[in-house]
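Numbering (the working numbering), first residue to last: 1 to 294. Backbone N, C-alpha and C fix where the C-beta goes; we use that ideal spot for every residue, glycine too. Only a predicted model underlies this, so the values are computations on that prediction, with no experimental measurement involved. This report concerns only the one structure given below.
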Amino acid sequence: MSIFTVDVFSGSADSIVTDSHAQGVIIKTTQGTGYVNPKCNHQWDLAGANGKLRGLYHYAGGGDPIAEAQYFLKNISNYVHKAILAIDWEKNQNSAWGSTNWVRQFVNEVHRLTGVWCVIYVQESALWQVANCANDCALWVAKYPSMSWHSWTVPSMKVSSGAFSTITGWQFTGDYMDRSIFYLDANEWNKLANPDGSSSKPSKPDKPVNPDKPKPTQQEEMFRQIVEEYGYDTETGIYGKGYSHDNGKTFVVQDTAYGRKYRQQDADSLWKLLKPMVESFIKGNEGGKADGTD
């Protein structure tokens, strides 16, 4: 038996979470030691309401792996043993990319604190960076036939497992919707989430983000701005690459499949710069005509 999944982040549309093709949803929760997905709770609840198996992942920032593991667990403490846990090991925004020991330290710390071994997400060409985790962790490997493969049909192609004995999950599409197949049944999925069957002790409310966390300062919020990520524009609904100045509450798309998108505020900003030059040009021309010149 196999399980189809999607993985989502703050810019993912709700329709991806509820897609009927997927039996599981893996949600980005944290990145580094300073970012929490502002839609994590909503996406968690929505996935649960639609009967999905659930997973939670941390995006490696490349800082201290012990600190990042603890930050991840601090923000999902009420969900441990209810979802599979994963570490997303990618090059983008990861200062430790190329390290062969970063992920090992991260998964060791998560296991020490929870008894759970993380599933490791990594592209096929970088399997060597996580080879020393092969005896303990499940592999979720990324390899696509092309970025234009937007189908739930699993492509026919060879995918390496590197040092791992088997591939547990395979992400076979990217772009605006990440689709994966996990070679598990629901019981095996839940076993990855809760290996010894222990029960977690959630506090109330049952939310991953600590409600008593102090409100971040303006300077802290500045570091949580999102730049050059993909998502849906909160005003137009258009999908593309853009930014958020408020940690994902609003998302502005700039680059789309149809080209660069400009807003009125872009024109207003440019006009402030151009207006003096235009006025000077007009004034000069008007003065010239008064002198009888062309």
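Can you give me the Cβ contacts of residue i inside the same chain, cut-off strictly under 6 Å, excluding the 5 residues immediately before and after it?
i, result
"Phe72", "Thr30, His58"
"Ala83", "Arg54, Gly55, Leu56, Ala193"
"Leu175", "The residue asked about is misnamed: residue 175 is Asp in this sequence, not Leu. Counting only Cβ-Cβ distances below 6 Å, and skipping sequence neighbours, we find Met147."
"Tyr121", "Ala86, Asp88, Trp140"
"Trp102", "Pro65, Ala96"
"Asp185", "Met1"
"Lys143", "Glu124, Val159"
Residues in the same chain with beta-carbon distance under 8 Å from residue i, minus the five sequence neighbours each way, listed in chain order, please.
i, result
"Gly98", "Gln129"
"Ser161", "Leu127, Leu139, Val141, Ile167"
"Glu109", "Pro65, Ile66, Ala69, Gln70"
"Pro145", "Pro155, Met157, Phe172"
"Val209", "Annotation note: pLDDT 46 at Val209 (below 50); position unreliable, coordinate value reported separately. Hits under 8 Å: Val36, Cys40, Asn41, Asn75."
"Asp255", "Gly240, Lys241, Gly242, Lys261"
"Ser269", "none"
Mark residue i as exposed unless 16 or more other C-beta atoms lie within 10 angstroms of its C-beta, in which case mark it buried.
i, result
"Ile282", "exposed"
"Asn341", "Since the first residue shown for the chain is 1 and the last is 294, residue 341 is missing from the structure and cannot be characterised."
"Trp44", "buried"
"Ser180", "buried"
"Val159", "exposed"
"Lys272", "exposed"
"Val107", "buried"
"Gly284", "exposed"
"Gly32", "buried"
Taking C-alpha atoms, which residue in the options lies nearest to residue i?
i, options, result
"Ala131", "Lys74, Val17, Gln105, Ile27", "Gln105"
"Ser10", "Met277, His42, Trp89, Gly169", "His42"
"Ser165", "Leu184, His150, Thr153, Ala134", "Ala134"
"Thr100", "Pro38, Ala49, Gly48, Ala163", "Ala163"
"Gly169", "Glu124, Ser280, Gln265", "Glu124"
"Pro195", "Thr33, Pro38, His111", "His111"
"Trp152", "Asp19, Asn50, Met1, Leu274", "Asp19"
"Ser15", "Gly32, Thr33, Asn50", "Asn50"
Since residue i contacts residue j with CB under 8 Å, what's their CB separation in whole angstroms?
i, j, result
"Val8", "Lys28", "7 Å"
"Leu46", "Val17", "5 Å"
"Ala86", "Lys52", "With a Cβ gap of about 15 Å, Ala86 and Lys52 do not count as contacting."
"Trp189", "Ile26", "Not quite, the Cβ-Cβ distance comes to about 11 Å (not below 8 Å), so this is no contact."
"Gly24", "Phe182", "7 Å"
Got a sec? Which residues, its chain only, sit under 7 Å from residue i by beta carbon, not counting five neighbours each side?
i, result
"Ser203", "Annotation note: pLDDT 34 at Ser203 (below 50); position unreliable, coordinate value reported separately. The answer, listed in chain order, is Asn78."
"Asp178", "Val6, Asp7, Gln171"
Q) Can at least three beta-carbon pairs, one atom from the region 111 to 123 and one from the region 132 to 140, be found at a separation below 8 Å? A) As far as the Cβ criterion goes, the region 111 to 123 touches the region 132 to 140, which means the pair count is three or higher.
Q | the region 85 to 104 in contact with the region 58 to 67 per 3-pair CB rule at 8 Å | A | yes
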